[in-house]
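Since the structure comes first, as structure tokens, the remarks are kept for the end.
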Amino acid sequence: MTRHAVTPSYRHNVIKSLRHSVILAILLLGGCASWQEPEATADATPPPGYAPIFLRTVAPLPEKKPQKAALTATRVDTRDGKTVKIYAHVLDSNGTYYTGGVKGNGKALWCKVTETINGTTREVKNYTIREVTERDKEPIAVALVMDNSGSMGDARARAMQASVEDFLGLKQPQDAVALVRYDHHTEVESALSSNTDEVRARLKQNGLEGFGGGTAIHSGVAAAIEHLDATAPKGTRKAVIIFTDGQENSSKISRDEMISRAIKSNIVVCAVDFGAGINEGYMEDIARSTGGSYSHIYGTAEFRPMFEDVYRRLKNSYVIEYPVQDYGPHDVKLKLCWGKDTASSTFNYDNTPDVGAIALLNVNFDHGKATLDASSSVAINNIVTMMKALPKMTIEVRGHTDNTNSTTDPDFNKKLSQKRAEAVRDAIVRGGIKAERIAVKGYGDSEPVASNDTEEGRAQNRRTEFISLTR
19 MTRHAVTPSY RHNVIKSLRH SVILAILLLG GCASWQEPEA TADATPPPGY APIFLRTVAP
79 LPEKKPQKAA LTATRVDTRD GKTVKIYAHV LDSNGTYYTG GVKGNGKALW CKVTETINGT
139 TREVKNYTIR EVTERDKEPI AVALVMDNSG SMGDARARAM QASVEDFLGL KQPQDAVALV
199 RYDHHTEVES ALSSNTDEVR ARLKQNGLEG FGGGTAIHSG VAAAIEHLDA TAPKGTRKAV
259 IIFTDGQENS SKISRDEMIS RAIKSNIVVC AVDFGAGINE GYMEDIARST GGSYSHIYGT
319 AEFRPMFEDV YRRLKNSYVI EYPVQDYGPH DVKLKLCWGK DTASSTFNYD NTPDVGAIAL
379 LNVNFDHGKA TLDASSSVAI NNIVTMMKAL PKMTIEVRGH TDNTNSTTDP DFNKKLSQKR
439 AEAVRDAIVR GGIKAERIAV KGYGDSEPVA SNDTEEGRAQ NRRTEFISLT R
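All residue numbers for the sequence shown refer to our numbering, where the first residue is 19 and numbers rise by one.
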């Protein structure tokens with residue numbers, strides 16, 4: 019890959035940053051492995067055709083399609099296992115985001131949503147759409163997590179810090195910001211605060227002073243999650259924006275544990291990686307697993323517009339929601355229409371449940387019986403396909419009922435839920451999955467998810483779930 023020329027001043031900063039570099043010793047299986055943080059390099063050369071569009075302004079959507087307008091799905095959130103939430107944006111090539119695209123029944127401009135899974139395409143018809151805008155003044159708590167490892171270099175670290183100062187001038191008064199720095203250790207530089215002057219005063223624009231070591235991405239994000247949990251007001255939307263130029267090499271917690279903490283705390287992680295030395299796909303997977311966005315940039319000059327872009331996309335979006343129908347890798351196509359003019363976006367997501375995650379099964383039974391009706395075959399076939407694609411996957415099928423019982427047997431609901439779980443297992447086995455990969459348990463009415471005082475609540479409690487035990 020062609021590199022930009024290295025100027026004398028930049029070379030000086032590289033040498034300075036190397037003084038901060040460290041060799042990290044990590045105990046692995048009773049032995050030692052070492053990691054030398056790579057030297058800082060010049061900005062990477064973008065690939066041909068690289069033309070990022072950063073959200074800069076917000077304007078009303080015109081009656082006719084704006085010139086060079088594009089529809090993009092910035093992020094997809096399936097964390098609750100029940101609902102697909104797509105956060106979409108309509109931008110032109112100048113970075114203008116168009117608001118007001120939800121009119122009448124909420125679907126006037128949104129022509130079609132389709133999903134493809136296992137080679138089968140279907141139209142999603144039971145979706146809803148709403149718009150979130152910065153005019154709503156809904157508060158959000160954001161933790162900016164800044165890479166201060168040796169590979170960043172002093173000059174680039176200062177450029178990032180200057181971009182953070184500019185970002186603070188853009189944030190809305192009701193929003194709160196915390197600043198976290200990391201190399202092989204982490205530091206909360208500024209506690210969460212909505213007072214811009216207060217956060218700006220705590221921001222240190224001192225390059226890699228006190229840092230310059232390894233890259234502890236997981237620990238940096240985990241520190242931000244812990245801080246937001248402890249300081250953000252209850253009910254406030256929370257997001258971590260993590261920036262890195264390298265690869266994870268120093269954290270004290272695993273990637274899976276960090277993601278688990280984010281999901282448990284209902285915090286989205288928006289990831290931005292920089293340059294050519296990154297672990298391709300790694301940060302994107304972290305972002306997608308937590309319902310966050312992912313971006314890759316190449317030049318130092320992109321720091322400022324990228325921070326603004328991620329923040330304003332969190333504040334402005336069209337949210338398309340519909341129930342989860344099945345599990346696994348999905349290809350989705352959104353289509354927006356202005357008469358004969360259209361804009362579309364194709365993207366993918368994978369909602370295969372992680373180990374320990376509970377997911378609903380869209381199966382139905384005859385009333386008071388353990389007989390699956392014909393409509394359940396779609397969900398059964400989906401589970402069979404998923405388990406064939408993941409030969410090490412094991413699951414537990416769980417049956418639940420509401421609290422109604424017209425019999426004289428006090429254990430009727432528990433027995434019924436057990437039989438229904440067994441019926442699901444048997445159907446999956448008939449699809450070609452070994453029975454030893456499927457455990458079953460009936461819970462009866464002992465674990466309601468809603469009140470049994472209403473029909474709506476009872477309907478929610480009558481459910482069949484599965485939990486991934488291994489993958």
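Built from N, CA and C at the ideal position, the CB exists for glycine as well.
- The shortest C-alpha to C-alpha distance from residue 87 to any of 255, 165, 362 and 171 is the one to 362.
- Around the beta-carbon of residue 139, fewer than 16 other beta-carbon atoms lie within 10 Å, marking it exposed.
- Residue 260 has its alpha-carbon roughly 12 Å from the corresponding atom of residue 314.
- Listed in chain order, the non-local C-beta contacts of residue 405 below 8 Å within the same chain comprise 411, 413, 446, 451 and 455, local neighbours out to five positions each way being set aside.
- Taking a cut-off of 8 Å on C-beta distances, the segment 158-165 does not touch the segment 127-146, as fewer than three cross pairs fall below it.
- Note on the segment 460-486: whole alpha helix (DSSP H) runs with a minimum of 4 residues are 473-479, in chain order.
- Take residue 482, set aside five residues on each side of it, and the residues of its chain with a beta-carbon closer than 8 Å to its own are 378, 379, 381, 415, 416, 417, 418, 438, 439 and 442, in chain order.
- For the pair residue 280 and residue 358, the Cα-to-Cα distance works out to about 42 Å.
- Cα atoms of residue 345 and residue 227: separation of roughly 47 Å, rounded to the nearest angstrom.
- For residue 422 and residue 467, the gap between their C-alpha atoms comes out near 15 Å.
- Counting of Cβ neighbours within 10 angstroms places residue 83 among the buried residues, the total reaching 16 or more.
- Cβ contact annotation for residue 236 (same chain, cutoff 7 Å, sequence separation greater than five): 266, 269, 271, 272, 273 and 276, in chain order.
- Per DSSP, the continuous beta strand (DSSP E) segment holding residue 335 begins and ends at 335-341.
- When 385, 245 and 402 are compared, the shortest CA-CA separation from residue 424 is found for 385.
- Here the segment 143-159 lies against the segment 186-205, with 3 or more beta-carbon pairs under 8 Å apart.
- Here residue 305 is actually not in contact with residue 319; their C-beta atoms are around 23 Å apart, not less than 8 Å.
- Here the C-alpha atom of residue 436 lies approximately 7 Å from the C-alpha atom of residue 458.
- In the DSSP annotation of this structure, residue 424 is not part of any beta strand (DSSP E), being labelled neither H nor E.
- In the DSSP assignment, residue 245 falls within the unbroken alpha helix (DSSP H) covering 235-249.
- As computed with DSSP, residue 149 is found in a beta bridge with 336.
- Sequence-distant Cβ neighbours of residue 246 in its own chain, meaning closer than 8 Å and more than five residues away, are 159, 161, 196, 210, 256, 258, 283 and 285.
- Bounds of the beta strand (DSSP E) holding residue 163 are 158-165.
- Distance from the CA of residue 233 to the CA of residue 100, rounded to the nearest whole angstrom, comes to 35 Å.
- In this structure the segment 325-343 touches the segment 94-113; the number of beta carbon pairs closer than 8 Å is three or more.
- Taking every protein chain shown into account, the CB of residue 371 has 16 or more other CB atoms within 10 angstroms, so this residue is buried.
- Listed in chain order, the non-local C-beta contacts of residue 388 below 6 Å within the same chain comprise 437, 438 and 441, local neighbours out to five positions each way being set aside.
- A straight-line Cα-Cα distance of about 28 Å links residue 301 and residue 401.
- In the DSSP assignment, residue 103 falls within the unbroken beta strand (DSSP E) covering 101-109.
- One alpha carbon belongs to residue 171, the other to residue 206, and they sit about 20 Å apart.
- It is roughly 7 Å from the alpha-carbon of residue 308 to the alpha-carbon of residue 95.
- Residue burial annotation: residue 373 is exposed, with fewer than 16 other C-beta atoms found within 10 angstroms of its C-beta.
- DSSP, read as helix, strand or coil, puts residue 315 in strand.
- Annotation note: the segment 388-450 contains the following uninterrupted beta strand (DSSP E) runs of length 3 or greater, listed N- to C-terminal: 412-418.
- Within its own chain, the residues whose Cβ lies closer than 6 Å to the Cβ of residue 393, once the five positions on either side in sequence are excluded, are 382, listed in chain order.
- The criterion of a C-beta distance shorter than 7 Å is satisfied by residue 181 and residue 322.
- When the Cα atoms are used, residue 310 and residue 430 turn out to be separated by approximately 44 Å.
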